[in-house]
Amino acid sequence: MKKIILICLGFALLACNDDISMEDTEEKQIAEIPVEGLKIRLKESENTAKKFTTEFFYNKNGFIDSIHTIKHNIVSEKFIYNDLNQIVEVRTFSKNTNDSDYSVKNRTHYKYNKINQIINLETFNKNNTLSNIQNYTYNDDGTLYNPVKIVENENLIKDNSSSGYTTYTFDSYRNPYYNIYPKAYKVLNYINKNNIKLIELKTAYQNLQWSYNLSYNDDKYVWYEIIQNYQNGYEYNKFHYYP
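What follows is the structure, encoded as structure tokens:
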């Protein structure tokens with residue numbers, strides 16, 4: 018009888034150890050918090066053809082809540098989050114400057130895997146018709162699997178195409194847009210960690226360069242940039258404002 022009791026106790030202890038082991042090894046997802054740093058609140062952009070402003074508003078979770086861009090019309094993006102602070106939906110609205118109400122342009126829904134990577138998106142147009150669906154996979158280092166795009170140190174450094182390739186050179190300071198989005202959304206949309214200094218486009222027929230002349234505030238964030246292409250006379254100015 019004693020032997021039977023001891024055997025039963027042994028099985029019970031093994032079962033408890035298995036439960037503890039499962040609890041210890043199971044990954045628990047916790048809500049993401051924004052990286053530290055300044056958050057942009059206003060951008061003013063201007064070139065020879067147009068001028069527009071972009072305002073940024075923030076959710077109580079610290080990430081971007083909505084973006085309003087005013088050009089010849091007004092476009093607004095609204096970001097919807099779940100309890101893990103993952104962006105699960107982006108709603109885009111637009112209206113003419115003289116209109117009083119916005120109209121829905123489209124809605125994009127995002128699905129995640131268990132390690133906080135966006136694996137699927139579905140976009141519905143203003144008629145609530147599915148207009149786009151995309152599925153995504155990732156490399157072992159967590160970057161998005163895309164054979165034509167090369168990412169290093171969270172910066173897109175090269176973009177290949179059938180006719181040529183584009184390379185990007187960066188500074189060592191924080192890109193302000195890196196601070197305002199959750200990680201999975203940044204990876205999916207190639208939101209760089211640092212600021213672009215030079216873009217070079219090379220094809221069999223041309224070699225173009227866009228130089229970024231950057232001015233920084235005391236916190237080493239870009240407050241003014243001039244984007245120039247000397248071959249075609251293109252010049253683009255941007256001012257960035259922070260809290």
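Taking the working numbering, the leading residue of the sequence shown gets 18, the next gets one more, and so forth.
Built from N, CA and C at the ideal position, the CB exists for glycine as well.
Check: When burial is assigned at 16 or more other CB atoms within 10 Å of the CB, is L205 buried or exposed?
Finding: Here residue 205 corresponds to residue number 188 of the sequence shown, with the count starting at 1. Under the 10 Å beta carbon count, L205 is surrounded by 16 or more other beta carbons and is classified as buried.
- Message: Rounding to the nearest angstrom, what Cα-Cα distance links L231 and N144 in this structure?
- Response: Numbered from 1 along the sequence shown, position 214 holds the residue referred to as residue 231. Numbered from 1 along the sequence shown, position 127 holds the residue referred to as residue 144. Roughly 42 Å separates the two Cα atoms.
Margin query: On a Cα-Cα basis, can you pick out the residue from D188, I174, S189 that is closest to K182?
Written below: Counting from one through the sequence shown, the residue named residue 182 turns up at place 165. The sequence as given places Tyr at residue 182; Lys does not occur at that position. Comparing Cα positions, the closest option is I174.
Identity of the residues DSSP links to T140 by a beta bridge: As a first step, residue 140 must be located in the sequence shown, where it is residue number 123. In DSSP, T140 forms a bridge with T125, N149.
ask   = Apart from the five residues on each side of it in sequence, which residues of its chain come closer than 6 Å, Cβ to Cβ, to T140?
value = To locate residue 140, count along the sequence shown from 1; it is residue 123. Within the same chain, T140 has close Cβ partners N123, T125, S148, N149.
When P260, D235, Q226, K237 are compared against I244, the one with the closest alpha-carbon | Within the sequence shown, the letter at position 227 stands for residue 244. Closest option to I244, Cα to Cα, is Q226.
### Message
Assuming I135 and A201 are in contact, meaning their beta carbons sit under 8 Å apart, how far apart are those beta carbons, in whole angstroms?
### Response
In the sequence shown, residue 135 corresponds to position 118, counting from 1. In the sequence shown, residue 201 corresponds to position 184, counting from 1. Confirmed, about 5 Å.
Beta-carbon proximity list for Y119, same chain, < 7 Å, skipping 5 on both sides | Counting from 1 along the sequence shown, the entry for residue 119 is found at position 102. For Y119, where only same-chain residues beyond five positions count, the Cβ hits under 7 Å are S93, F110, S111, K112.
Is DSSP giving V239 helix, strand or coil here?
Sequence index remark: in the sequence shown, residue 239 carries index 222 (1-based). Taken through DSSP and simplified to helix, strand or coil, V239 comes out as strand.
| K203 classed as buried or exposed, judged by whether at least 16 other C-beta atoms fall within 10 angstroms | Counting from 1 along the sequence shown, the entry for residue 203 is found at position 186. By the neighbour-count rule (16 or more Cβ atoms within 10 Å), K203 is buried.
_Once the 5 residues before and after D236 are set aside, which same chain residues still bring their CB inside 7 Å of it?_
As a first step, residue 236 is located in the sequence shown; it is residue number 219 there, counting from the start. Scanning its chain for C-beta atoms nearer than 7 Å, with the 5 sequence neighbours on each side dropped, one finds around D236 the residues L55, in chain order.
**Asked** Three-state secondary structure (DSSP) at Y253?
**Response** Counted from its first residue, the sequence shown places residue 253 at position 236. The DSSP-derived three-state label of Y253 is strand.
Point to revise | Status (buried if at least 16 other CB within 10 Å, exposed otherwise) for I57 | key: Residue 57 sits at position 40 when you count from the first residue of the sequence shown. Buried is the call here.
| said: According to DSSP, is V52 part of a helix, a strand, or is it coil? | reply: The sequence position of residue 52 within the sequence shown is 35, counting from 1. Three-state DSSP puts V52 in coil, outside helix and strand.
C33 - DSSP class collapsed to helix/strand/coil: As a first step, residue 33 must be located in the sequence shown, where it is residue number 16. Confidence is the limiting factor: at C33 the pLDDT is only 46, short of 50, which leaves the residue's position unreliable and the question unanswerable from this model.
* Element boundaries [beta strand (DSSP E), containing Y190] -> Taking the sequence shown and counting its residues from 1, one reaches residue 190 at position 173. Counting along the chain, the beta strand (DSSP E) containing Y190 begins and ends at 181-191.
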